[in-house]
Amino acid sequence: MGTSDKAPSDDVEMQPKAGALPTYQETSAAVVGELTEEQTYAYSDDRKMGITGAVFLILNKMIGTGIFSTPSGIFAATGSVGISLMLWVIGGVLTFCGLSVWLEFGLAIPRSGGEKNYLEYVYRYPKYFATCVLASQMILLGFSSGNSLAFGRYILYAAGGELKDSYRARGVGVACATFAVVLHAVAPKWGIRLFNVLGVFKVFVLLFIVFAGFAALAGHRLVDNPHNFDNAFAIESGEGYGGGGAYQYCNALLNIVYSYKGWENANYVLSEIKDPRRTLTIAAPLAVGGVTILYVLANVAYFAAIPKADLATSDVIVAGLFFKNIFGDSAAARSLPVFVALSNMGNVLAVSFAHARVNQELAKEGLLPGSRLWASNKPFNSPAASLFLHWVVTMIVLLAPPPGPAYNFIINLYTYPGAWINSFVAGGLIWLHYQKTEKWDPGWHTYLPVILIFLLCNAFLAIVPFIPPDGDWNADGYPYYVFPVVGVGVLILGALYWTLWTKFWPAVRGHKIVSERVVDEDGVEVIRYKKVKTHIA
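The sequence shown begins at 80 in this note's numbering and counts up one residue at a time.
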């Protein structure tokens, strides 16, 4: 973290000075070169979202495959009904802590990009280093693969009862992800409308599961009483489940974090939200609070109808097994998993919408090779090129792992690097609060205990996966250290890219392309790209 008021002489974009909130009139200093291109990025008011749209944007990202698929892995790791439920409550508390941190940053820096803007503001030197590391994580691991795979598996389960992972499920997932990306690129208004509709739909699906769970508790089910709530906090071992050590609990919490993932979704697209200060402070807590209650009640419903051994071995198809135990194996009952699949599609739509905007924001900064292409809104006034980039990464991660326990690997890989990023964002906010030179007063204050809870939990999730688990090191079908090594490797790759982009290429070519961000009096964001010589004779 740095607080110096003086930027290095070869910097082109001036960093925010210590003691000042970031402004939207960032000018160039000592620029040598010529204007090569100017592009305007503006969204009309009819394209911007209000409170309702923001609520459903968050809901669609949060309610995806997680709550319908991860409870099996969480119970398998803990071996305890009570502890599993407590972990879901802890996940909700952790989410609210993170939401408070993101609200404070978002109201101070109301611009699309989320943590990219927050890391840039706090970690100013080396310039662009934090941005490059985050860009590597966002682009290479910001995929929709887990939700697309679950969509395919639920569709096949509804069609013929296929339980195991297969390339047929991957093929259906490819169609789902492709549909979402094409819709957002060609008809962006309809993309937003569809995930708003599916946002309402998936809430009803969760409510349906909750009320069906109440019925199961009253004895209305087609299986014997599983007695899961007898001595609920006992840690037991059985087929596919058993009390684990720190690694297993960390894995379970990562799955829960994945299920809650999306609470920060509105921060990624703040430039497309009407009156961000009012909208964000109402929509985000409303969405997170509602989802937390639904998640805990949905888990109670699963335990009310599914025996422990069946739950632990159900893998992704938890909700499908729940419907079968409540409503039987009739054709009508088998169609119920289609509702879960549609919920997964809503999540794919929300994820592709948000991550494409983050990719575009990174490109606006001139950070990516071919930045002008990825930052473009042509030809449909939508980030079509950035959506295509998101699609390519999604396809690679979706199709590369062999059939088997791929789902848990994909969601852990998606979630894990975020623990490192969240730790640095939380640490940065603590630093801003206690730096007297920082005039930090965004209108929302996160208390220190809340930040510390968020920081320490994320540090736990970042470090513990490197600790060998009890028992078989390949219990999930791959070495326990694969996803943390890959996750950290992606962050290190960002550091290597920073070296090439800021040191090696300028030295070899003698110039670099930089972007100047200006917001005019009408509130329209304009990005001007300039060719800047790095060596002056």
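All C-beta atoms, glycine included, are put in the ideal place defined by N, C-alpha and C.
As the structure is a computational prediction, the values presented were derived from the model and not from experiment.
In chain order, P521, W523, T525 place their CB closer than 6 Å to the CB of E183, counting only its own chain and leaving out the 5 sequence neighbours on each side.
9 Å or more divides the Cβ of L477 from the Cβ of A214. K612 is bridged by DSSP to H590.
N404 is positioned such that its CB atom lies closer than 9 Å to that of L301. Taken in chain order, the complete beta strand (DSSP E) segments of 3 or more residues contained in the region 135 to 200 number zero; there are none.
When P189, A156, A133 are compared, the shortest CA-CA separation from D394 is found for A156. In chain order, G225, Y337 place their CB closer than 6 Å to the CB of I490, counting only its own chain and leaving out the 5 sequence neighbours on each side. F175 and S316 have their C-alpha atoms some 32 Å from each other. According to DSSP, G317 shares a beta bridge with Y320. Going by DSSP, R247 is part of the alpha helix (DSSP H) stretching over 246 to 265. Look at I396 here: in three-state DSSP terms it is coil, with no helix or strand label. The DSSP assignment places no complete run of the beta strand (DSSP E) inside the region 320 to 356 (cut-off: 3 residues). Comparing alpha carbon positions, the residue from A538, Y560, N537, L534 closest to I546 is Y560.
For the pair G270 and G425, the Cα-to-Cα distance works out to about 10 Å. Judged by beta-carbon spacing, V279 lies beyond the 9 Å limit of G341, meaning their Cβ atoms are not closer than that value.
Counting of Cβ neighbours within 10 angstroms places K518 among the exposed residues, the total staying below 16. Excluding five sequence positions before and after L262, the CB atoms of its chain that fall closer than 8 Å to its own CB belong to W269, G270, L273, L428, given in chain order. When the beta-carbon positions are compared, N423 and S227 come within less than 9 Å of each other.
Classified as exposed, G407 has fewer than 16 neighbouring CB atoms from the shown chains inside 10 Å of its CB.
Nearest in C-alpha terms to L136, of all of L349, G319, Y197, is L349. For the pair of segments examined, the region 206 to 220 was found to touch the region 431 to 448: the number of CB pairs separated by less than 8 Å reaches three. Between A391 and F154, the C-beta spacing is below 9 Å. Of the candidates G250, L570, K612, the residue whose Cα lies closest to the Cα of V587 is K612.
Nearest C-alpha to A498 among R451, K387, N334, A384: N334.
According to the DSSP assignment, N487 belongs to the alpha helix (DSSP H) that extends over 485 to 513. Counting along the chain, no alpha helix (DSSP H) covers L446, and no H or E run does either. The beta-carbon distance between I142 and V419, rounded to whole angstroms, is 10 Å. This is too long to meet the 8 Å contact definition. Going by C-alpha positions, F208 is about 8 Å away from E199. Note on Y236: 16 or more other CB atoms within 10 angstroms of its CB, so buried under the neighbour-count rule. Under the criterion of beta carbons closer than 8 Å, N275 and G129 do not qualify as touching, at roughly 11 Å. No residue range can be given for V543, since it is assigned to no alpha helix (DSSP H) and is classified by DSSP as neither H nor E. In this structure, the CA atom of I500 is about 10 Å from the CA atom of L534.
Distance between F308 and A388, taken at the CA atoms: about 14 Å. Its chain contains A464 as the residues whose beta carbon lies nearer than 6 Å to that of S455, once the 5 sequence neighbours on both sides are disregarded; these appear in chain order.
Counting only the Cα atoms, A485 lies some 28 Å from L575. In summary, R249 is buried, with 16 or more beta-carbon neighbours lying within 10 Å of its beta-carbon over all protein chains present.
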